[in-house]
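Chemist: One structure coming up, written as structure tokens, with questions to follow.
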Amino acid sequence: MFDTLSDRLTAALQTLSRKGRLSDADIDATAREIRIALLEADVALPVVKEFITRIKDRAKGAEVSGALNPAQQVIKIVNEELVGILGGETRRLNLAKNPPSVIMLAGLQGAGKTTLAGKLAMWLKKQGHAPMLVACDLQRPNAVTQLQVVGERAGVVTFAPEPGNGVGDPVDVARRAIEEAKRAQHDIVVVDTAGRLGVDEELMKQAADIRDAVQPDEVLFVVDAMIGQDAVTTAEAFRDGVGFTGVVLTKLDGDARGGAALSVREVTGQPILFASNGEKLEDFDTFHPDRMASRILGMGDVLTLIEQAEQHFDQDQAEKAAAKLTSGQLTLEDFLEQMLAVRKMGPIGNLLGMLPGAGQMKDQLAQVDDKHLDKLQAIIRGMTPAERDDPKMINGSRRLRIANGSGVSVREVNDLVNRFFEARKMMAQMAGRFGFGGGGGSKT
Ligand code: GDP
Numbered sequence: 004m005f006d007t008l009s010d011r012l013t014a015a016l017q018t019l020s021r022k023g024r025l026s027d028a029d030i031d032a033t034a035r036e037i038r039i040a041l042l043e044a045d046v047a048l049p050v051v052k053e054f055i056t057r058i059k060d061r062a063k064g065a066e067v068s069g070a071l072n073p074a075q076q077v078i079k080i081v082n083e084e085l086v087g088i089l090g091g092e093t094r095r096l097n098l099a100k101n102p103p104s105v106i107m108l109a110g111l112q113g114a115g116k117t118t119l120a121g122k123l124a125m126w127l128k129k130q131g132h133a134p135m136l137v138a139c140d141l142q143r144p145n146a147v148t149q150l151q152v153v154g155e156r157a158g159v160v161t162f163a164p165e166p167g168n169g170v171g172d173p174v175d176v177a178r179r180a181i182e183e184a185k186r187a188q189h190d191i192v193v194v195d196t197a198g199r200l201g202v203d204e205e206l207m208k209q210a211a212d213i214r215d216a217v218q219p220d221e222v223l224f225v226v227d228a229m230i231g232q233d234a235v236t237t238a239e240a241f242r243d244g245v246g247f248t249g250v251v252l253t254k255l256d257g258d259a260r261g262g263a264a265l266s267v268r269e270v271t272g273q274p275i276l277f278a279s280n281g282e283k284l285e286d287f288d289t290f291h292p293d294r295m296a297s298r299i300l301g302m303g304d305v306l307t308l309i310e311q312a313e314q315h316f317d318q319d320q321a322e323k324a325a326a327k328l329t330s331g332q333l334t335l336e337d338f339l340e341q342m343l344a345v346r347k348m349g350p351i352g353n354l355l356g357m358l359p360g361a362g363q364m365k366d367q368l369a370q371v372d373d374k375h376l377d378k379l380q381a382i383i384r385g386m387t388p389a390e391r392d393d394p395k396m397i398n399g400s401r402r403l404r405i406a407n408g409s410g411v412s413v414r415e416v417n418d419l420v421n422r423f424f425e426a427r428k429m430m431a432q433m434a435g436r437f438g439f440g441g442g443g444g445s446k447t
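Residue numbers (my numbering): 4 to 447.
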């Protein structure tokens, strides 16, 4: 989402790094470039103005530090100010002392509320909570069923009005849901409310009535990051009409400019709690202002990558594979296992995008897509266990069989096998050179 912004900011700051000393004119020129980058990314004008003023003031008045050169000092300031715009500290959910806690979702139709309800429920469940979803969007046809479906996928209970009783009163449903949550000992209730295509009074009133009836611990304003400047005006309308305690940005996987979403926190004064970046229930995480700033400045988001790895990797398996790798004994079976483990962490493009410098390697990274990995997986799956264990036995007729079985050309099978040998040899050589070999002889 923030690729262009990221490219522009990195370029603006890179020019500085070639200079030994920075004059006020250098700082002004950089500030101008940053200003253009932010405006082009759709960041709201008042936010840009404030940001630039602060950067200039701080950069010009910066104490000379022994540890950082002047350019690094400016980068540090830009980073800190960006973290500030995004909210500073990571803001966690406020939960009630006496359960159930109530989290109410508000936003326009299509913002991603229902999807978010499922994501949030699954996330809460992973943290040991027993959430319940509540269907208070009784306006949109199918909204109730859609919530029940995501609830089922997330493995949580959904409270909904019985079908056949007319449209029903969302305030009444919300009230009954809280009673039911107490009875069934759900500690968190997530209330999905109706949205409209545009802001209207009736929508606001209904949301406010639900709010008054359930006294939520959090009202989360859900906003589609792709809608540009409307994100800011909608946020203001919801702030005045319903009031909210936090923001959730959705569709950060889109390729819109996204700067408006970055302005929401500064304009409304309410923190961003979560970010959604895909249609699947797993495409969701806590929003960390510092990590997002670091990503936007092309410094990568290694912390998130490490966290995801910790969640999905089996340490023993990874160590065994590493030992085999460094001793040149890796098999295609190990390779497949590692690939599957990495892929559990999410789409490969998202993962690679978190690495420092990813912005500059965009073209190369674009070639590593999930479809390519699907193909590699299919080819390896088309091999017998013996072939995976000892790829050297894969002769011409075996290659043809594998190609036919996995729906690819013989050339693609050749490619995979040859590259595997090359990579295995290279890894073993590197391991030998750097002295971290896992022992045992090389198979090649
Ligand atoms: P609601 O009207 O606010 O409840 O919105 P929905 O939850 O029905 O979402 C509207 C559409 O956006 C659906 O097609 C979702 O699959 C899609 N969607 C929701 N969140 C995301 C996201 O983070 N990324 C992408 N790409 N699509 C999303």
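Every residue, glycine too, gets a C-beta built ideally from N, C-alpha and C. Predicted, not measured: the structure shown is a model, and the values here were computed from it.
With distances taken from CA atoms, which of L376, E83 and R401 is nearest R294?
Modeler: The shortest C-alpha to C-alpha distance from R294 to any of L376, E83 and R401 is the one to E83.
Chemist: Between which two residues does the beta strand (DSSP E) containing I275 stretch?
Modeler: I275 to S279
Chemist: Taking all protein chains shown into account, decide if H375 is buried (16 or more other Cβ within 10 angstroms of its Cβ) or exposed.
Modeler: exposed
Chemist: Extract the residue ranges of the alpha helix (DSSP H) inside the region 366 to 435, only unbroken runs of 4 or more that lie entirely within it.
Modeler: Those alpha helix (DSSP H) runs which fall completely within the region 366 to 435 and span 4+ residues are 373 to 384, 388 to 392 and 399 to 409.
Chemist: Beta carbon of V245: closer than 7 Å to some heavy atom of the ligand GDP?
Modeler: No, the Cβ of V245 stays beyond 7 Å of every heavy atom of the ligand GDP.
Chemist: Would you report the Cα separation of A146 and V267, rounded to the nearest angstrom?
Modeler: 27 Å
Chemist: If distances are taken between C-alpha atoms only, which option among A184, V86, G385 and P144 comes closest to A133?
Modeler: A184
Chemist: Can you tell me whether S412 is buried or exposed? The criterion is at least 16 other CB atoms within 10 Å of its CB, across all chains shown.
Modeler: exposed
Chemist: Would you call L8 buried or exposed, if buried means 16 or more other Cβ atoms sit within 10 Å of its Cβ?
Modeler: buried
Chemist: Within the present structure, is the beta-carbon of A210 separated from the nearest heavy atom of the ligand GDP by less than 7 Å?
Modeler: no
Chemist: What span of residues does the beta strand (DSSP E) with T161 cover, start to end?
Modeler: V160 to F162
Chemist: Classify F338 as helix, strand or coil using the three-state DSSP reduction.
Modeler: helix
Chemist: Assuming L108 contacts A120 (C-beta within less than 8 Å), just tell me the rounded distance between them.
Modeler: Cβ-Cβ separation between L108 and A120: approximately 6 Å, consistent with a contact (criterion under 8 Å).
Chemist: Could you tell me whether the Cβ atoms of A77 and L16 are closer together than 8 Å?
Modeler: In the sequence on display, residue 77 carries Val and not Ala. A contact, by the Cβ cut-off of 8 Å.
Chemist: According to the Cβ coordinates, are G246 and L276 closer than 8 Å?
Modeler: A distance of 8 Å or more separates the beta carbons of G246 and L276.
Chemist: According to the Cβ coordinates, are A177 and V137 closer than 8 Å?
Modeler: In contact: A177 and V137 (Cβ atoms closer than 8 Å).
Chemist: If you measure between the beta carbons of V160 and M135, is that distance less than 8 Å?
Modeler: yes
Chemist: Indicate, with yes or no, if the ligand GDP has a heavy atom lying under 7 Å from the CB of E282.
Modeler: yes
Chemist: Cutting at 6 Å between CB atoms, please list the residues of its own chain near P164, excluding the five before and the five after it.
Modeler: G171 and V176
Chemist: Can you tell me which of R24, E43 and L19 puts its alpha carbon nearest to the alpha carbon of T3?
Modeler: The chain is shown only over 4 to 447; residue 3 falls outside these bounds and no answer can be derived.
Chemist: Pick helix, strand or coil for L265, following the three-state DSSP scheme.
Modeler: helix
Chemist: With a 10 Å radius around its C-beta and 16 neighbouring C-beta atoms as the bar for buried, classify N280 as buried or exposed.
Modeler: buried
Chemist: Taking D190 as part of the beta strand (DSSP E), name the residues at either end of that continuous run.
Modeler: Run containing D190: none; DSSP gives neither H nor E here.
Chemist: Between V51 and the rest of its own chain, which residues show a CB-CB distance below 7 Å, the 5 nearest in sequence each way excluded?
Modeler: R38, L41 and L42
Chemist: Rounded to whole angstroms, what is the Cα-Cα separation between A47 and Q273?
Modeler: 16 Å
Chemist: Rounding to the nearest angstrom, what Cα-Cα distance links Q218 and K100 in this structure?
Modeler: 14 Å
Chemist: Does the separation of the CB atoms of I88 and I58 fall below 8 Å?
Modeler: no
Chemist: Can you find the residues in the same chain that come closer than 8 Å, C-beta to C-beta, to K327, ignoring five residues on each side of it along the sequence?
Modeler: The answer, listed in chain order, is L333, T334, D337 and G441.
Chemist: Could you name the residues of the same chain whose beta carbon sits closer than 7 Å to that of G385, not counting the 5 residues immediately before and after it, in chain order?
Modeler: Short of 7 Å from the beta carbon of G385, and not among the five residues preceding or following it, lie these beta carbons of its own chain, in chain order: I405, G408 and S409.
Chemist: Per DSSP, F5 forms a beta bridge with which residues?
Modeler: According to DSSP, which records beta bridges pairwise, F5 is partnered with nothing at all.
Chemist: Hey, out of I397, T118, K395 and E239, whose CA is closest to V193's CA?
Modeler: T118
Chemist: Could you work out which residue in A187, A431, K208 and Q188 is closest to A197 when comparing CA atoms only?
Modeler: K208
Chemist: Give me whichever residues DSSP pairs with S104 in a beta bridge.
Modeler: I191
Chemist: Among D190, L141 and R143, which one has its Cα closest to the Cα of K128?
Modeler: Distance check between K128 and each of D190, L141 and R143 places D190 closest, using alpha-carbon atoms only.
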